[in-house]
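If you read the sequences in order, they're chains A, B and C. FYI, my numbering numbers position 145 of the first sequence as 145, with every residue one higher than the one before it. FYI, my numbering numbers position 7 of the second sequence as 7, with every residue one higher than the one before it. FYI, my numbering numbers position 7 of the third sequence as 7, with every residue one higher than the one before it.
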Amino acid sequence: MKQLVRLFAGVFIIAIGLMYFTSYLNSSNGYSGGDTLTIYNWGDYIDPDVLAEFEEETGLKVIYQTFDSNEAMMTKIEQGGTTFDVSIPSEYAISKMKDEDLLLPIDHSLIPNLGNIDPRFMNLSFDPDNKYSIPYFWGTVGIIYNSELLGGKTFSSWNDLWSDDLRNQIMLVDGAREVMGFGLNSLNYSLNDTNEDHLQEAKRKLSNLTPNIKAIVGDEIKLLLAGEEAAVGIVWSGDASEIMGENDKLDYVIPEEGSNLWFDNMVIPKTARNLEGAHKFINFMLDPEIAARNAEYVGYSTPNAEALKLLPEEISQDERFYPDPEMTDKLEVYQNLGKRMLSHYNELFLEFKMHRK
Amino acid sequence: MRKNSKSAQLYLVIVFAILYAPILYLMYYSFNSSGTMHGFEGFTLEWYEEVFHDTRLLIIVLNTVVIALLSSAISTILGVIGAIAIQRVRRSRPRNTLLTMNNVLIVSPDVIIGASFLIFFTMIGIKLGFTSVLLSHIAFSVPIVVLMVLPKLQEMSPTLIDAAKDLGASGWGVLTKVIIPFIRPGIFAGFFMALTYSLDDFAVTFFVTGNGYSTLSVEIYSRARQGISPSINALSTLIFLFTIILVVGYYFLSQRGKSKPKWGAQQS
Amino acid sequence: MTKTRNLYLIPYVAWMLLFVATPIVLIVYKSFFDVEGNLTLENFEKFLTPVYLKMTFNSFWYAFLITAFSLLVAYPTAYWLTRTKHKQLWLLLIIVPSWINLLLKTYAFIGLFGTYGFVNSMLEWVGIGTQQILFTDFSFVFVSVYIFIPFMILPIYNALEELNPSLIYAARDLGASPLKTFRRVVFPLTLGGVKAGCQAVFIPALSLFMITRLIAGNRVITLGTAIEQHFLVTQDWGMGSAIAVLLIIVMAIIMMMTGNRGARNSIR
Numbered sequence: 001m002k003q004l005v006r007l008f009a010g011v012f013i014i015a016i017g018l019m020y021f022t023s024y025l026n027s028s029n030g031y032s033g034g035d036t037l038t039i040y041n042w043g044d045y046i047d048p049d050v051l052a053e054f055e056e057e058t059g060l061k062v063i064y065q066t067f068d069s070n071e072a073m074m075t076k077i078e079q080g081g082t083t084f085d086v087s088i089p090s091e092y093a094i095s096k097m098k099d100e101d102l103l104l105p106i107d108h109s110l111i112p113n114l115g116n117i118d119p120r121f122m123n124l125s126f127d128p129d130n131k132y133s134i135p136y137f138w139g140t141v142g143i144i145y146n147s148e149l150l151g152g153k154t155f156s157s158w159n160d161l162w163s164d165d166l167r168n169q170i171m172l173v174d175g176a177r178e179v180m181g182f183g184l185n186s187l188n189y190s191l192n193d194t195n196e197d198h199l200q201e202a203k204r205k206l207s208n209l210t211p212n213i214k215a216i217v218g219d220e221i222k223l224l225l226a227g228e229e230a231a232v233g234i235v236w237s238g239d240a241s242e243i244m245g246e247n248d249k250l251d252y253v254i255p256e257e258g259s260n261l262w263f264d265n266m267v268i269p270k271t272a273r274n275l276e277g278a279h280k281f282i283n284f285m286l287d288p289e290i291a292a293r294n295a296e297y298v299g300y301s302t303p304n305a306e307a308l309k310l311l312p313e314e315i316s317q318d319e320r321f322y323p324d325p326e327m328t329d330k331l332e333v334y335q336n337l338g339k340r341m342l343s344h345y346n347e348l349f350l351e352f353k354m355h356r357k
Numbered sequence: 001m002r003k004n005s006k007s008a009q010l011y012l013v014i015v016f017a018i019l020y021a022p023i024l025y026l027m028y029y030s031f032n033s034s035g036t037m038h039g040f041e042g043f044t045l046e047w048y049e050e051v052f053h054d055t056r057l058l059i060i061v062l063n064t065v066v067i068a069l070l071s072s073a074i075s076t077i078l079g080v081i082g083a084i085a086i087q088r089v090r091r092s093r094p095r096n097t098l099l100t101m102n103n104v105l106i107v108s109p110d111v112i113i114g115a116s117f118l119i120f121f122t123m124i125g126i127k128l129g130f131t132s133v134l135l136s137h138i139a140f141s142v143p144i145v146v147l148m149v150l151p152k153l154q155e156m157s158p159t160l161i162d163a164a165k166d167l168g169a170s171g172w173g174v175l176t177k178v179i180i181p182f183i184r185p186g187i188f189a190g191f192f193m194a195l196t197y198s199l200d201d202f203a204v205t206f207f208v209t210g211n212g213y214s215t216l217s218v219e220i221y222s223r224a225r226q227g228i229s230p231s232i233n234a235l236s237t238l239i240f241l242f243t244i245i246l247v248v249g250y251y252f253l254s255q256r257g258k259s260k261p262k263w264g265a266q267q268s
Numbered sequence: 001m002t003k004t005r006n007l008y009l010i011p012y013v014a015w016m017l018l019f020v021a022t023p024i025v026l027i028v029y030k031s032f033f034d035v036e037g038n039l040t041l042e043n044f045e046k047f048l049t050p051v052y053l054k055m056t057f058n059s060f061w062y063a064f065l066i067t068a069f070s071l072l073v074a075y076p077t078a079y080w081l082t083r084t085k086h087k088q089l090w091l092l093l094i095i096v097p098s099w100i101n102l103l104l105k106t107y108a109f110i111g112l113f114g115t116y117g118f119v120n121s122m123l124e125w126v127g128i129g130t131q132q133i134l135f136t137d138f139s140f141v142f143v144s145v146y147i148f149i150p151f152m153i154l155p156i157y158n159a160l161e162e163l164n165p166s167l168i169y170a171a172r173d174l175g176a177s178p179l180k181t182f183r184r185v186v187f188p189l190t191l192g193g194v195k196a197g198c199q200a201v202f203i204p205a206l207s208l209f210m211i212t213r214l215i216a217g218n219r220v221i222t223l224g225t226a227i228e229q230h231f232l233v234t235q236d237w238g239m240g241s242a243i244a245v246l247l248i249i250v251m252a253i254i255m256m257m258t259g260n261r262g263a264r265n266s267i268r
C-alpha cells in the first residue's frame with residue numbers, strides 16, 4: 001500500500017511540476033496571451049522563414065496548427081471550440097464550407113496585394129467574385145513515372161496505365177474523386193460526370209487496372225515513389241515536384257485527355273477572433289517577393305502573376321507545373337456534386353478497392 | 001529455479017530482436033545526414049541539435065508526458081473503484097451489463113470515440129485543449145484498468161476478507177490492508193496499460209484537441225505528410241533511451257529496496 | 001456490506017454514464033441519418049450489400065489470423081519469460097516498444113520491408129532473392145501481430161505466474177512427461193490468461209485502420225478502415241456510425257458469451 005501511495009503521489013507531483021514548466025515555456029515564448037493569430041494549414045505547407053518575417057513585421061505571434069485532410073479540418077471548424085483565424089482548404093471544401101456557413105466574407109479593401117493574382121485564377125465557379133477565398137497555390141493531377149525502371153517507357157495518356165507490362169507497378173492516391181476522375185477521363189468523360197452508365201463504365205474499367213496496382217496509399221506515396229518502391233504513381237502535381245526534388249529519375253506528365261485543376265485557397269473561418277490579423281496575413285502572403293519565396297520552398301504552382309516573374313526561369317517556364325493555355329483548357333475543377341452524388345462516388349471507389357485480382 | 005534450454009533462450013532472443021528492430025531502425029536513421037529514412041549518407045548530430053532548439057516540440061513532449069501520467073493515475077484510481085464495484089455486484093445480469101458497458105469503449109474504434117467525444121465536449125461547452133484531451137484519455141483508460149484489476153479481485157478468496165473483518169478491521173482497513181495489497185500486481189498492470197494507451201493514442205486526441213494544444217502523436221501525424229522528419233526520429237531515440245534508463249533503473253532500485261529488510265534481519 | 005457496495009458504484013457508474021453511455025447514444029442516434037440529414041434505415045440496408053458483407057467477413061478472418069499468430073508467438077514467450085532471471089524486467093522491456101509512436105514504427109517497417117530494405121538485402125544475401133513483402137497479406141498480419149503481441153503476452157504471463165509450481169512437480173513425480181505436464185496441467189490452468197489475451201487482441205484487430213493503408217496498401221479493408229473513411233474522408237457519419245453500432249453489438253455478443261463461460265469456470 002505504502003509503495004502504491006508513494007508511486008501515485010510521485011506521479012501527481014511530477015505531472016503538476018511539468019505542467020507549471022510547460023505553461024512557463026508557453027508564456028515566455030508568447031504562445032499564450034493577446035496578440036496571436038492562429039493559422040490552420042496543411043503540414044509543411046508554408047516557408048517557416050516567411051512566418052517568422054510576418055511575426056516580426058506585425059508583432060503578432062503565430063500559432064500554427066496543421067491538419068491532414070480537408071474533412072478533418074471541416075469537422076473541427078464546424079464543431080467550434082477552437083479559434084482558427086486563417087485556414088487553407090481545397091476548392092471543393094470551400095464550396096462545402098460556404099454552403100454550411102462556416103466562412104466569413106473577406107474584405108477586399110484590406111488586401112491591396114490582391115491585384116497580383118493572375119485573373120485566370122480569380123472568380124471561379126466554387127467561389128464567385130472570391131467573396132470568401134483568396135488563391136494560395138494551385139496544381140493538377142497527373143502521372144509520375146520512373147522511365148529507368150520501365151526500360152525507357154514514357155506516358156502521355158491515362159490509357160497507358162492499362163498496359164500489360166506494368167503489372168504490380170502502379171501506386172494510386174487514396175482519393176475517390178482522383179481515382180474515379182482519371183477513370184472517367186480515360187474514357188473521355190468529364191471528371192464531374194454524374195451519368196450512372198458512365199460511372200459504372202469507369203468503375204469496370206478501373207477494376208481491370210487492379211493487376212497493375214501495387215498499393216493505394218496516402219501521403220506516404222511520396223516517400224515510396226522517391227524510394228523506387230513502384231515505377232508509376234498517380235499524384236497531385238505538388239507532390240510530384242517534391243518527389244522529383246528527391247529523385248531526379250522521375251518525370252511528371254499531365255495526360256492528354258485532360259485532368260483535374262485544383263486550388264488551395266486562404267479563407268477566414270467563422271471561428272476567427274483576430275479578423276484584422278487574418279486580413280493582414282492574407283495580404284502579406286500575396287506580396288510578390290514573399291509569395292515567390294514561399295512557392296520556391298513549397299514547390300507548388302503559384303497563382304501570383306507578379307511572384308511568377310520573380311521565380312527562376314526553370315521553374316516558371318516548366319510546362320509540367322505551369323501548363324500552356326491549350327492544356328489548361330482541358331483541365332477541370334471539381335464541381336460540388338452534392339452530398340448524395342459524392343457518397344455514390346465513394347461507394348464506387350470502395351467497391352473498386354475491394355475488388356481483388 | 002529451472003533454467004531455460006538453449007533453444008528457448010534463442011527463441012526469446014529472436015522475439016526481442018523483432019520487437020526492437022523497427023526502433024533500432026529509427027535510431028539508426030536519426031543520425032543520417034541526408035535526412036531521409038533510406039540510404040545512409042553520413043553521420044550527423046544535426047537533428048538532435050534541431051530537437052533541442054525547438055521549444056514548441058519540447059512543449060508538446062511535456063504535454064504528452066503530463067497527459068499520460070495524469071490520465072493513467074486518475075484512471076487507475078477510478079478503475080480500481082470500478083473493479084471493486086463490479087466485483088461486489090453478485091447477481092449476474094446487472095454484473096454482465098456493467099462489464100459489457102465497460103468493454104464498449106475498448107471495442108469501439110478510436111475514430112468513433114474521438115468523433116463522439118468531440119460532439120459531446122462541444123455540446124456541454126468544454127473548451128477543446130488540455131481538459132478535453134485529459135478527460136478523454138481517462139475515459140478510454142478506465143475500462144482497461146478495470147479489466148486488469150478484476151481477475152485479481154476474482155482470485156481473492158472471500159474468506160480472506162471475512163477473516164480480516166473477524167479480526168476487527170473496518171471497511172477502510174480491509175480495503176487498504178487486505179484488498180489493495182492483494183490486487184497490487186493488477187493495479188500496476190492497469191497503470192502501465194493506461195500509460196501505454198495514452199502515449200500511443202492518436203485518433204481520439206486528434207479529434208478533441210484544439211487551441212494550439214498538441215500531443216506528440218498528433219504532431220507526428222501531421223508532420224508525417226512530408227515523410228517522417230529526421231528530428232522526430234532523433235526525438236524518439238532520446239525518449240526511447242530515457243524510458244529504457246528509467247525502466248531499468250526503477251527495476252534495480254526496487255530490487256534493492258526488496259532485499260534491504262533481509263540484511264536488516266541478519267544484522268540484528 | 002450494502003452500504004459500501006453503493007459507495008463504490010456511485011463514482012464508477014456516474015463516470016460510465018457520462019463517458020460511455022452518452023457517446024453510444026450519440027452514435028446510435030447518428031446511425032439513423034443519411035448524408036443529407038434525413039431520418040432513414042438506409043445505412044443498415046447498405047450494410048447488407050455484398051461489399052460490406054465481404055468486408056465484414058474479411059475483418060473477422062484477418063482478426064482471427066492475427067489472434068492465432070499472436071497466441072502462437074506469445075505463449076512460448078510468456079512461458080519462457082517466467083523462467084528467466086529478472087523476469088519482471090524482461091516483461092517491462094516487452095511493453096516498452098509499444099510506447100514508441102505507432103506511426104513511426106510503421107514507417108520503420110515500410111523501410112525494413114521495402115524492395116531495397118533491410119529484410120530484402122538479407123534475403124538477397126542468403127540467396128533467396130528480392131521478394132515483395134510490403135503490401136502483402138503477410139506484412140499486414142506480421143505488423144499487426146507485432147503491435148498486439150504485448151497485450152497477449154501480459155495476461156498469459158500473469159496466469160503462468162500464478163500457477164502453483166507444486167502442481168508441476170506433482171505431475172512430474174507421478175511420471176508425466178514434460179509435454180504431457182504442459183498439455184494436461186499448465187495449459188488448462190492458464191486458459192483464463194489465454195482467453196483474456198485473445199479478447200484483448202481480437203477485438204481491436206477487428207477495427208484496425210492506418211496500417212491497412214500503410215502496410216497493406218488498402219489491399220485489406222477492414223470495418224475499422226471503413227469507419228475511419230466514413231468519418232474522416234467521405235463525411236458520411238451516418239454510415240460510419242451504423243457500422244460502429246453493428247460492431248459494438250457483435251462485441252457485446254462475444255463478451256457475453258466468453259463472460260458467461262468465465263463465470264461458469266470459476267464456479268467449477
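Heads up, the beta-carbon is just placed ideally off N, CA and C, and yes, glycines get one too.
Alpha carbon of residue i to alpha carbon of residue j, nearest angstrom
i: residue 101 of chain C; j: residue 352 of chain A; result: 32 Å
i: residue 143 of chain A; j: residue 255 of chain C; result: 49 Å
i: residue 17 of chain A; j: residue 114 of chain B; result: 28 Å
i: residue 202 of chain A; j: residue 221 of chain C; result: 21 Å
i: residue 239 of chain C; j: residue 230 of chain C; result: 7 Å
i: residue 213 of chain A; j: residue 183 of chain A; result: 14 Å
i: residue 4 of chain C; j: residue 247 of chain B; result: With a pLDDT of only 49 at residue 4 of chain C, under 50, the local geometry of the prediction cannot be trusted, and the value read off the model is given with reservation. If you take the alpha carbons of residue 4 of chain C and residue 247 of chain B, they lie about 37 Å apart.
i: residue 77 of chain C; j: residue 204 of chain C; result: 21 Å
i: residue 125 of chain C; j: residue 16 of chain B; result: 23 Å
i: residue 19 of chain A; j: residue 213 of chain B; result: 13 Å
i: residue 265 of chain B; j: residue 93 of chain B; result: Residue placement at residue 265 of chain B is flagged as unreliable, the pLDDT there being 37, under the threshold of 50; the coordinate-derived value follows with that caveat. When rounded, the distance between both Cα atoms is 51 Å.
Residue i - partner residues in DSSP beta bridges
i: residue 215 of chain A; result: A:171
i: residue 260 of chain A; result: A:332
i: residue 36 of chain A; result: A:61
Closer than 9 Å at the beta carbon, the chain C residues around residue i
i: residue 139 of chain B; result: 15, 18, 19, 20, 23
Within chain A, partners of residue i - CB distance below 7 Å
i: residue 96 of chain B; result: Chain A residues near residue 96 of chain B: none, gap ~30 Å exceeds 7 Å.
i: residue 221 of chain B; result: 68
Extent of the continuous beta strand (DSSP E) to which residue i belongs
i: residue 61 of chain A; result: 61-67
i: residue 159 of chain A; result: Neither: residue 159 of chain A is in no beta strand (DSSP E) and is coded neither H nor E.
i: residue 141 of chain A; result: 133-146
i: residue 236 of chain A; result: 232-236
Nearest residue (CA-CA) to residue i, options the options
i: residue 51 of chain B; options: B:243, B:251, B:234; result: B:234
i: residue 248 of chain C; options: B:15, B:106, B:74; result: B:106
i: residue 23 of chain B; options: B:77, B:10, B:244; result: B:244
i: residue 245 of chain C; options: C:64, C:86, C:111, C:21; result: C:21
i: residue 156 of chain B; options: B:144, B:178, B:147; result: B:178
i: residue 59 of chain C; options: C:173, C:140, C:82; result: C:140
Chain E residues whose Cβ lies nearer than 8 Å to that of residue i
i: residue 77 of chain A; result: Of the protein chains in the structure, A, B and C, none is chain E.
Within chain B, partners of residue i - CB distance below 8 Å
i: residue 25 of chain A; result: 55, 58, 59, 62
Chain-ordered neighbours of residue i on chain C, where CB pairs are closer than 8 Å
i: residue 156 of chain B; result: Result: empty, since nearest Cβ-Cβ is about 12 Å, beyond 8 Å.
i: residue 236 of chain B; result: 100, 101, 104
i: residue 217 of chain A; result: 213, 214, 217, 218
Enclosing alpha helix (DSSP H) for residue i [first to last residue]
i: residue 346 of chain A; result: 339-354
9 Å Cβ cut-off: residues of chain A touching residue i
i: residue 277 of chain B; result: This structure gives no information on residue 277 of chain B, because the portion of chain B shown stretches from 1 to 268.
Proximal chain B residues relative to residue i, where beta-carbon distance stays under 9 Å
i: residue 76 of chain C; result: 8, 11, 12, 15
Chain B contact residues for residue i, given Cβ-Cβ distances below 7 Å
i: residue 342 of chain A; result: Within 7 Å Cβ-Cβ: nothing; residue 342 of chain A doesn't reach chain B, min ~19 Å.
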